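Below: the structure, in structure tokens.
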Amino acid sequence: MALTTAVQADHTSPSKPVASRLIAEHGLIGDLQTAALVAMDGTIDWYCCPRFDSPSVFARLLDHQRGGFFRIAPENESYVVKQLYFPDTAVLITRFMSEAGVAELTDFMPIADNPKMATDRHRIVRLVRGVRGSMRLKVQCAPRFDYARARHALEVTEHGAVFAAPDLRLTLHGAAGLEHHGGDVHMSRVVRANETFGLMLDSAADTPPRALLDEELWRLFEGTTGFWRRWVAASAYRGRWREMVDRSAMALKLMTYAPTGALVAAPTAGLPEQPGGERNWDYRFTWVRDASYSVGALLALGYTEEPYAFLTWLRERIEEHVGTSSGPLKIMYRVDGSSDLVEETLDHLEGYQGSRPVRIGNGAADQLQLDIYGEAMFALRQAGGTRAPIGDRGWKDIRHIID
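Residue 28 is where the sequence shown starts when you use the numbering used here, and the numbers rise one by one after that.
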């Protein structure tokens, strides 16, 4: 999948009042616990950490001035950009092309050795490679923690910077020669043909900024591409639409929270059903209905691990509602199975292309929708293809809540 568009030079000012980039002009990267959106101008404009439903670090997608961003892009020159995925992976390449040169930006999030273990450590790796000629690139990192509601302290060191907010600390590695303005950092660097450099944004709380060796960056790249290629190779689909089917399957995988098996409906919040409208919901939760269809799609492709994990998660939700006063089965939950989805509006954010109000949480979680039991049965009916441990007790619990 590749997108190409012409981009003009003046994208550097965080206060310049321009519209959000179109949703179609983004690529998605993730590590099976959270995800980030990378726009075609090299801007990470949506990232929540440490989980899909955690407060945002970068939310320029929802407010160009206040949202926060992490950008690597050509400085002071017009260019054409093409964005594509490294074959059979969720590693994203953004290629900048100008008369003076060509440079590639490679973005990915390394998968933990045990992605099923919830962790607060998440990394975004950004690799830059000169392809032809030379190009001056500008790096800007301007986090805005907790949906741009929390202040942070900045410490700049020889090899990078530390951004410390009350509930989260981010370290930027590999960024020698940073300048700072307020709580943000920036630098310029010329990259020539066959030259490379890399940056890593790390949420580990106890790691000071350090230089990044080429060997480490290559190991992370190889580990990430290897993970995704092994996963894609397990697909049973061999038809004529294989590339598109594999890419769609990877999108579902990227929206899976590996520690529990829950699938979020989307990795974003506050995006409108119609630009300029008021129906701007938070979809970073697990709808039993939607996830059931995703499970069916993955099963049809021969995947069983993800459906097994989701059905185990669903069985646990059903068990919680047997013999308790917790009420009927919910239509949606957080990825950890909790149902505290209190909705609030972020009135300080302008919204995607002016679509307000921006909402987080989801008040629909408390709606009584009786079809949810049918959706649960639809999902559990697929258990035979996964060997999910429903068991006699599980089926008795299901019969109990349906009755």
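For glycine and all other residues, C-beta sits at the position ideal for the given N, C-alpha and C. Predicted model only: the values in this text are computed from it and were never measured.
**OP:** Taking the CB atoms as reference points, tell me whether V152 and F135 lie closer together than 7 Å.
**Re:** Yes, Cβ-Cβ distance for V152 and F135 is below 7 Å.
**OP:** Kindly give me the distance between the Cβ atoms of A293 and R311, rounded to whole angstroms, as I take these residues to be in contact under 8 Å.
**Re:** Taking 8 Å as the upper bound for CB-CB distance, A293 and R311 are in contact here, some 7 Å apart.
Subject >> CA nearest to the CA of P302, picked from E377, A86, H213, H207 >> reply: Checked all of E377, A86, H213, H207; the closest Cα to P302 is E377.
Subject >> Beta-bridge pairing of P142 - partner residues as DSSP gives them >> reply: In DSSP, P142 forms no bridge with anything.
Subject >> Residue span of the beta strand (DSSP E) that contains S83, given as start and end >> reply: Start and end: 83 to 85.
**OP:** Specify the secondary structure class of S215 as computed by DSSP and reduced to three states.
**Re:** Look at S215 here: in three-state DSSP terms it is strand.
**OP:** Whole angstroms is fine: what's the gap from G210's alpha carbon to V183's?
**Re:** Distance between the alpha carbons of G210 and V183 is about 10 Å.
**OP:** Give the C-beta separation of Q110 and I120 to the nearest angstrom, bearing in mind that I take them to be a contact with Cβ-Cβ under 8 Å.
**Re:** Contact holds; Cβ gap of about 7 Å.
**OP:** Can you say whether G201 is buried or exposed, counting buried as having 16 or more other CB atoms within 10 angstroms of its CB?
**Re:** Classification for G201: buried.
Subject >> Sufficient close CB pairs (3 or more, under 8 Å) joining the region 373 to 393 to the region 75 to 95 >> reply: Yes: the two stretches touch, three or more of their Cβ pairs being nearer than 8 Å.
Original post:
Cα separation between G95 and D72?
Top reply: Their backbone Cα atoms lie some 7 Å apart in a straight line.
Original post:
Alpha carbon to alpha carbon, what distance is there between Q394 and E243?
Top reply: Each residue's Cα considered, the two are about 49 Å apart.
Subject >> Member of T70, E332, A327, D398 whose CA lies at the smallest distance from the CA of M359 >> reply: Comparing alpha-carbon positions, the option among T70, E332, A327, D398 lying closest to M359 turns out to be D398.
Original post:
Around the Cβ of G253, are there at least 16 other Cβ atoms within 10 angstroms (buried) or fewer (exposed)?
Top reply: By the neighbour-count rule (16 or more Cβ atoms within 10 Å), G253 is not buried but exposed.
**OP:** Give me whichever residues DSSP pairs with I165 in a beta bridge.
**Re:** What sits at residue 165 in the sequence shown is Lys, not Ile. In the DSSP output, where bridge partners are listed per residue, K165 has A100, S215.
Original post:
E300 to R383, Cα distance in whole Å?
Top reply: In a straight line, the C-alpha of E300 is about 11 Å away from that of R383.
**OP:** For V45, name the three-state secondary structure that DSSP assigns.
**Re:** Because the pLDDT of V45 is 46, which lies under 50, any placement of that residue in the model is unreliable, and the number read from its coordinates should be weighed accordingly. Three-state DSSP puts V45 in coil, outside helix and strand.
Original post:
From the beta carbon of Q380, is the nearest beta carbon of chain C less than 7 Å away?
Top reply: Absent from the structure: chain C. Only one protein chain is present.
Original post:
Name the DSSP bridge partner or partners of Q380?
Top reply: Per DSSP, none; premise fails for Q380.
**OP:** With a 10 Å radius around its C-beta and 16 neighbouring C-beta atoms as the bar for buried, classify R408 as buried or exposed.
**Re:** With a 10 Å radius around the Cβ and a threshold of 16 neighbouring Cβ atoms, R408 comes out exposed.
Original post:
So T198 and P236 are in contact, right, with Cβ under 8 Å, and what is the actual spacing, rounded?
Top reply: Confirmed, Cβ separation roughly 6 Å.
Original post:
Is the number of C-beta pairs between the region 142 to 151 and the region 204 to 219 that are closer than 8 Å three or more?
Top reply: Here the region 142 to 151 does not lie against the region 204 to 219, with fewer than 3 beta-carbon pairs under 8 Å apart.
**OP:** Kindly indicate which three-state DSSP category R78 falls into: helix, strand or coil?
**Re:** In the structure shown, R78 sits in coil (DSSP, three-state: anything other than H, G, I, E or B).
**OP:** Go ahead and pull the three-state DSSP assignment for W308.
**Re:** DSSP places W308 in strand when its eight states are reduced to three.
Original post:
Buried or exposed: Y106, going by 16 or more other Cβ atoms within 10 Å of its Cβ?
Top reply: Classification for Y106: buried.
**OP:** Closer than 6 Å by C-beta to R122: which residues in its own chain qualify, once you throw out the five before and the five after it? Chain order, please.
**Re:** Closer than 6 Å at the Cβ level, and outside the excluded window around R122, lie K109, E131.
Subject >> Same chain only: Cβ atoms within 6 Å of L247, ignoring 5 sequence neighbours per side >> reply: Around L247: P137, V152.
Subject >> Where M28 sits in the DSSP three-state scheme >> reply: Residue confidence for M28 is low, a pLDDT of 40 falling below 50, so the modelled location carries little weight; the figure read from the coordinates is stated next. DSSP places M28 in coil when its eight states are reduced to three.
Original post:
If we count the other Cβ atoms within 10 Å of its Cβ and call it buried at 16 or more, is H208 buried or exposed?
Top reply: It counts as exposed.
**OP:** Pull up the distance between the alpha-carbon of V322 and that of T339, whole angstroms please.
**Re:** Their Cα atoms are separated by approximately 12 Å.
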